[in-house]
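S.K.: Letter by letter, the sequence shown follows residues 11 to 196 of our numbering. Idealized CB from N, CA, C, for every residue including glycine. Keep in mind the model is a prediction, meaning the values are calculated, not measured. Take a look at this one; I'll ask things after.
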Amino acid sequence: MYDCALPFPRGSTYGNMGDKTMTAALAVATGLAGRVFEVPDTVHGTGKTIKLRVVANETGADLTVGRKGLGFGPVTAAGFGQIVVTAPGVGGIGKPIDDGYVKGKTIPHHDLFYVLESGPCYILTTSNGAVALEGGWPVSFDDEGRLGTAKSAAGYYVIGAILETTILNSAEVTVDVAEGLVPANA
Numbered sequence: 011m012y013d014c015a016l017p018f019p020r021g022s023t024y025g026n027m028g029d030k031t032m033t034a035a036l037a038v039a040t041g042l043a044g045r046v047f048e049v050p051d052t053v054h055g056t057g058k059t060i061k062l063r064v065v066a067n068e069t070g071a072d073l074t075v076g077r078k079g080l081g082f083g084p085v086t087a088a089g090f091g092q093i094v095v096t097a098p099g100v101g102g103i104g105k106p107i108d109d110g111y112v113k114g115k116t117i118p119h120h121d122l123f124y125v126l127e128s129g130p131c132y133i134l135t136t137s138n139g140a141v142a143l144e145g146g147w148p149v150s151f152d153d154e155g156r157l158g159t160a161k162s163a164a165g166y167y168v169i170g171a172i173l174e175t176t177i178l179n180s181a182e183v184t185v186d187v188a189e190g191l192v193p194a195n196a
């Protein structure tokens, strides 16, 4: 069962809720990081529900929102899925930043924000290499947290299925993000 009432509005951060002195969001908001919330899709208008995961920005600096994914990193092994530390790496484990955030918004270091656990999300295609992605294909992240150049390879983690065909670099496309961690098949 998932919670349905968000602890802070989509497109904002936990720090926007009044705690401007946060130095370690995980310590201040014990229990929020890693929780998943099921809410209506108000961004893409599908009439379905989506799932958002609360994570802490532990990248080492303020984070600028872009249409890409972030990789999970444990403070401890038990903390996996609670913080993001960097791009997920080629075929790596991660989730995209929620589309509720305006591109270019700054998420302060240590602050809590949302990544999309499942549902539709805009993600940029790679800026490097020849893109050949067909609608319906399973896709994975590249080293920048963008979509790779082709269908997910065996051993990679699948973000979800791309919903449109594209051959363009740095194109913003829609991906139906799969819930959980899905390994690609050979």
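Near glutamate 154, which residues of its chain fall below 6 Å by C-beta distance, leaving aside the five closest residues on each side in sequence?
M.R.: Ala97.
S.K.: Do the segment 45–57 and the segment 98–106 make contact, defined as three or more Cβ pairs closer than 8 Å?
M.R.: No, the segment 45–57 does not touch the segment 98–106.
S.K.: Would you identify the three-state DSSP class for asparagine 138, choosing helix, strand or coil?
M.R.: If DSSP states are grouped into helix, strand and coil, asparagine 138 belongs with coil.
S.K.: At which residues does the beta strand (DSSP E) containing threonine 159 begin and terminate?
M.R.: Counting along the chain, threonine 159 falls outside any beta strand (DSSP E), and DSSP gives it neither H nor E.
S.K.: By the DSSP assignment, the beta strand (DSSP E) with threonine 56 in it spans what residues?
M.R.: Here threonine 56 belongs to no beta strand (DSSP E), and DSSP marks it neither H nor E.
S.K.: Can you give the Cα-Cα distance for valine 185 and isoleucine 60, rounded to whole angstroms?
M.R.: When rounded, the distance between both Cα atoms is 13 Å.
S.K.: State whether the segment 127–137 contacts the segment 169–185, with contact taken as three or more CB pairs (one from each stretch) at a distance under 8 Å.
M.R.: In short, these stretches touch, since the Cβ pair count reaches three.
S.K.: Determine the extent of the beta strand (DSSP E) in which glutamate 68 is found, giving its start and end residues.
M.R.: Where glutamate 68 is concerned, there is no enclosing beta strand (DSSP E), given that its DSSP letter is neither H nor E.
S.K.: From the DSSP output, in three-state form, read off glycine 114 for me.
M.R.: Three-state DSSP puts glycine 114 in coil, outside helix and strand.
S.K.: Report the rounded CA-to-CA distance for alanine 35 versus leucine 126, giving the unit in angstroms.
M.R.: Only weak support is given to the placement of alanine 35: the predicted model assigns it a pLDDT of 46, under 50, and the value that follows is read from those uncertain coordinates. Approximately 19 Å between the Cα atoms of the pair.
S.K.: Assuming valine 141 and isoleucine 177 make a contact with CB atoms under 8 Å, what is their CB distance in whole Å?
M.R.: Valine 141 to isoleucine 177, Cβ: 5 Å. Contact.
S.K.: When the Cα atoms are used, what is the spatial distance from alanine 71 to valine 49?
M.R.: When rounded, the distance between both Cα atoms is 29 Å.
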